[in-house]
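Residue numbers (UniProt numbering), protein chains in the order written: chain A, 1 to 1029; chain B, 1 to 502.
For every residue, glycine included, the Cβ atom is placed at its ideal position computed from N, Cα and C.
If you're wondering where the values come from, they're calculated on a predicted model, not measured in any experiment.
Note sheet for the following structure.
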């Protein structure tokens, strides 16, 4: 691929070689403060107007025809101009800040602003920081990068998104997901359809002042993704190729050997026999006699028909004839290939960016993967002096292979191998010798295990059928953003924007008619279509003016409408006429066909006013009104607002002269935002579900009405300070925040005897208090070497402050004033009874308060058992650069909090699920001689010991080397002849190191702290090359 | 120039104002319907009966709880004659660790199904009179709603408390007679006698309202008609020891439904068109969730996933030679189930679509109710007559009066005839009895080796397997009135109904 690209470039550009008779000066312009390349810096020959500007990578190439010229002048707005001598060797120019601060332009709601002039809290990530990351969804790139952003990538399935929480959890049942805005409009397409290479910047809006303008949907923060635009002079071509490999990030739970398994299962049978009243001898005989028949196979061969003796030990001489690892057989080394090309530039009245991308991210489990094809065109035109128009068009097609891996289905591809112990052969074996049985062609034959117990999926072999069956998700995303902006008078502008996102997701699940799970019914096929189309239409007036060079005002007012339509159809059939056919037309029995559509609308009016005095004092206010179709007509309108102010103290005379302090700003904001998303679009109505019975129409009562249902409101306070010192070598931001949510949208549990599990209500209030800290520094900076450090951390506390009743128990949590919504409320493990080996839980007598133990799980009391929320989380980045070499490490960490492992207990049964694999920890089970243990005695009776309790609650603290990147930018001297601007080669790794205590589980889990059958996270190692010319 | 921009702005402004119509924010679902539209006409109310029925029968909670009829599976798993294997499904009910435990999914699933049906029935009873349409249809719909509600309360009474003969004032389950509103709070547990009284009152209210209703051909056997109501009343009276009424209602229920021919007994109990079925739930390829019950019941079809309802080998001894039912016994020699005694009573009707109709009530049960009611009220002659009516239909020996206990004989005949149909635990509870399970071992206490004849004329020696759980999980022996027999009230009810124990 790479060679081909280079070849094309050389053919195209070859004739130009050697044409230059003049001196060609090349170089790169950096900002001295952060070593970031400066695009758009001006480079001119001193004393002339002849010059150029740096491109997006900060590089320039200038042909100097005047032989007498000796000096270049390099300048950039806000920087001190610098003079350098003309040489033919590449020049590196580092510009110092003119003022003492560097002010970054950041993307904010409905516009842009200067970071140090904002009253609100905004963090921005540059696209460059994501470019080399081996991530298939942008949402995965935020972890550890931004203070206040809690990101967990729960699934290793390629193409899946991470869960994002900004500054705590603002809702209980209503959605806590942030709003994604792409190029100015709320985005309802697939996050994984956006090519990270196309991203210019990602802004995270964290407080009211920055996000209240998105009022109705900004309650959980806003993530603004801005794609690249054409800039600089001329045309710039950028090509990137990378290739990588992936494996499981952490090893799966360790399992017992075949010998141990058989001895332990014997013990379980013997103990159950004793419970049934058998004598010790009779129980032992019963156990020896039933081990093989219960497990279905004798891996010791027919020579040992009773491999476990009456003493519970493997009989002398017997040894397993095979040891198969299903977990490994279900996995492979995944491969990842990515290639992107982008062409961008400007002409007199147009700026353009055109790109194409290809990604093939193969999963580590058989039959999983993600392929994506992207194109994007971003075009801005100055149509008239007073009229600007632009359109961004992006299209993506993706093919995802997504086998069941995140649910309790028996054909879950991850569980399938994990739960299958070593003594079930993958390929058919001779039961006397253990040798493979071969077919007529000498090939091994897959063993479908009709003899296996139900825990081991008899009559299936996913190792084979994973390559035959289909679990495909094909997705087409088209996203369009079009605008026209007219200057009406002076600084009064009118901008109208129409944005549309279209997603068509087509699923195709096929199980073959001859082998495995659905062979008895001749195979099945399911095709589902999920279409979403949403548009946003907004019309906004803006006015921006400075009076008397002191008073600067900026006003905004407008209207916005949003409509979302979802259409779903799904049909399934079974009974394929012929093998090899996979579509519904090929199957004979119609099993079902269904479909429906949903519409959700929002109508909004918004306004904002900003004022600053001499760039010193800043004030902002915003007001927005939203009507939502999710609420009844009398309750659907909500009003949201914000106020903010900041004071740039370093602009005051008494600080301006400070030698070491470059920037000091204090900021504060307060405001209200809304949340209407309780999951249902029609939550206020009493509704009957429409079903049918044997061809006759049916309905039944499903939801209770609550016409008083209204907006959930978030009141956000943000107080922050930004500073920068010692020539901007050290700096940071510290922010205190308080998020108060009231009228929480909640599915209030009802007594199920009323016929309803819950009713939608606005209940109570909760509060998130916290602090975000971002620190950056350059401890070492010499001519060639630099070490820079970026650290961010967030701490927050989540507390319920009001409830309509004393307590609400829901799942593994209990809501109560003074506690977090993610405080576990579960049974407390009291260990194993040393006398009997029975599992014990604590029970508190409600009248006396005495705490005792019980071996009866359901009579154990529920206790508060710690919170799922971490105490501190964040990221640490160290970057070392030496000339063209750069090495960076990004550690993401999360300290404190608990996680309830619900996957592990599957491997911790006491023998009540014969044939299911056993974890190594089960070796430590109770016996009369091993009484001091945390694992109870084995028995084929279910003792409930694996039921939810603090026994399986683990410390969730972890640190993960999220990304490590080593790159080398080739020296200019090597590149000139190829007419290349820059060439960077790199090696990058994701998730290479995980530091975590509970082995077998991946520490990145759901925010609520409960694991549930998931595709394990992956680690990957990749190498790539970036070319720019 | 300036003019242009004003014109453009004006056009856009008009456009945006036009787009803001009032109805923009009024949106309705397409797969749900607002309540006020449901009770407009009798035909619309008919959909609530149908929809509620489909909900009850077809709702999956987990694969081991495929709808209402899985309650019947639990009843048999907790009895004497089904030796449930270690396969997925009912194994924990069988070992008495599941239904006693209020945290279990099965416990909350049964409760949820029953009370969902009760609320929908309440809604029909309260609102059907307001609907327009044929009065006869409205009356019949109300009758069917009463019957549904009575059936649910009868089911609750059967499993959630000991029979009133133990203690009529023991607290059982809450009673609701009006549709739930947003302000409804949980009701307290009523006494077991009140719950039975409510069930009988509802069924009696239904009786006149469904009289004269003709539901149509066999494919409509899921609809409640007079025979079904009479059959439910017969059960209710039997459970409350009202023998004469039980006998009368059973006789009325079986009216028009003759006992099936012996050969039909071998056809798999999965076809609603069986002449003996009074009430059943048909299945089709596209309505087949309830069929999942057959994956536990069907022990011979290769498509059956779990085939876990094996017969206790002692159960075979109750049958006489020549009894058509004995033909269903077959010792298993397949690798994963070797040594189990299959009782091949239940088989998928369609083995490629894996569907089978569910039986809910049939004549043999009514005949046995008649026999038992006569016997318990002292009319041994009529009791023997009814018992022998069934025995002749099955090709079994006739009962000769005064040979052994008549009542015991009838109770054993119930187990033989109704195996797998859901009466085991409810019969133990209504008779204040106990579970009886014995290990199937040789006389020395070792393995019991059975020589199984195979189709090719050879014999295979297999280790016979019977009951694997012979005691309660705490190691105590089976006794009457054990807490392990009762279905627990789910934890979510305990947590969210403060009045529950008032």
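- Interface annotation, residue 751(A): in contact with chain B, CB-CB separation under 8 Å.
- By the neighbour-count definition (other C-beta atoms within 10 Å, threshold 16), residue 459(B) is an exposed residue.
- Neighbours of residue 97(B) in chain A, taken as residues at a C-beta separation under 8 Å, are given in chain order as 941, 942, 943 and 944.
- At a C-beta separation below 8 Å, residue 108(B) has these neighbours in chain A: 752.
- With contacts defined as CB atoms closer than 8 Å, residue 1017(A) and residue 182(B) fail to qualify as a contacting pair.
- In this structure the segment 435–454 of chain B lies against the segment 329–346 of chain B, because at least three pairs of beta carbons, one per stretch, are closer than 8 Å.
- What residue 696(A) touches in chain B, judged by beta-carbon distance under 7 Å, is 50, going in chain order.
- When the five nearest sequence neighbours on each side are left out, the beta carbons in the same chain lying within less than 7 Å of the beta carbon of residue 722(A) are those of 116, 663, 665 and 733, in order along the chain.
- Under the three-state reduction of DSSP output, residue 560(A) falls in the strand class.
- At a Cβ-Cβ threshold of 8 Å, residue 474(B) and residue 315(B) do not count as neighbours.
- Between residue 151(A) and residue 711(A), the alpha-carbon positions lie close to 26 Å from each other.
- Looking from the CA of residue 89(A), the closest CA among 249(A), 848(A) and 973(A) belongs to 973(A).
- Residue 262(B) is positioned such that its CB atom lies no closer than 8 Å to that of residue 272(B).
- DSSP, reduced to helix, strand and coil, places residue 952(A) within a helical segment of the structure shown.
- Contact of residue 493(B) with chain A is assigned, a C-beta pair being separated by under 8 Å.
- Under the DSSP assignment, residue 47(B) falls in the alpha helix (DSSP H) whose first and last residues are 42–58.
- Taking residue 500(A) as the centre and dropping the five residues before and after it, the same chain places the C-beta of 480 and 535 closer than 6 Å to its C-beta, in chain order.
- Beta-bridge annotation (DSSP): residue 124(A) is paired with 203(A).
- For the segment 276–294 of chain A, the beta-carbon criterion of a distance under 7 Å to any beta-carbon of chain B is satisfied by 276, 277, 282, 285, 289, 293 and 294.
- For residue 83(A), the uninterrupted beta strand (DSSP E) segment begins and ends at 82–85.
- Straight-line spacing of the CA atoms in residue 152(B) and residue 248(B) works out to 22 Å.
- Taking 8 Å as the threshold, the shortest C-beta distance from residue 243(B) to chain A does not fall below it.
- Rounded to the nearest angstrom, the gap between the Cα atoms of residue 118(A) and residue 646(A) is 7 Å.
- Residue 235(B) carries a helical assignment under DSSP once its states are collapsed to helix, strand and coil.
- Against residue 473(B), the close residues of chain A are 941, in the order they occur along the chain (beta-carbon pairs closer than 7 Å).
- Here the C-alpha atom of residue 192(B) lies approximately 52 Å from the C-alpha atom of residue 217(A).
- Between residue 860(A) and residue 854(A) the beta-carbon gap is near 6 Å, inside 8 Å, which marks them as a contact.
- If the five residues before and after residue 351(B) are omitted, its C-beta is found closer than 7 Å to the C-beta atoms of 301 and 303, all from its own chain and listed in chain order.
- With respect to the C-alpha of residue 227(A), the residue from 203(A), 248(A) and 243(A) having the closest C-alpha is 203(A).
- Three or more Cβ pairs closer than 8 Å define a contact, and the segment 378–385 of chain A falls short of that threshold against the segment 451–470 of chain A.
- Annotation for residue 720(A): the continuous beta strand (DSSP E) segment containing it runs 712–725.
- For residue 761(A) and residue 171(A), the gap between their C-alpha atoms comes out near 13 Å.
- Across the segment 28–41 of chain B, CB contacts with chain A closer than 9 Å involve 28, 29, 30, 31, 32, 33, 34, 35, 36, 37 and 38, in sequence order along the chain.
- The Cβ-Cβ distance between residue 701(A) and residue 120(B) falls below 8 Å.
- Counting other Cβ atoms within 10 Å of its Cβ, residue 392(B) stays below 16 and is therefore classed as exposed.
- By the neighbour-count definition (other C-beta atoms within 10 Å, threshold 16), residue 477(B) is an exposed residue.
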